[in-house]
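In my numbering, the protein residues as written are 521 to 622.
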């Protein structure tokens, strides 16, 4: 790398050679790896901005709440309980073992 070029050009060349150094060991999956790294970098930058602004994450949106309710309902049905009942209401407890009985 020539030293007479400006810092922006050196940064661009370093990034370009970084891609080439990644291509060697990872081969065909390099594109996906680079995309994941770029996504992670953008998410980390967005989180840093949120922290600086003091924004707190909001709760799930209406679609996610609706989907969550449906997943819970399906789970209770698959567990053998009817929707709307407590999970413990349909379970039959075994009689407690008395002392002296195996």
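Glycine included, every Cβ here is placed at the ideal spot set by N, Cα and C. As the structure is a computational prediction, the values presented were derived from the model and not from experiment.
Reduced DSSP secondary structure (H/G/I, E/B, other) of residue i
i           : result
residue 575 : coil
residue 599 : coil
Test item: CB-CB of residue i and residue j under 8 Å
i           : j           : result
residue 560 : residue 542 : no
residue 580 : residue 574 : no
Minimum length 4: unbroken alpha helix (DSSP H) runs contained in the stretch 522–584: 527–546, 550–573
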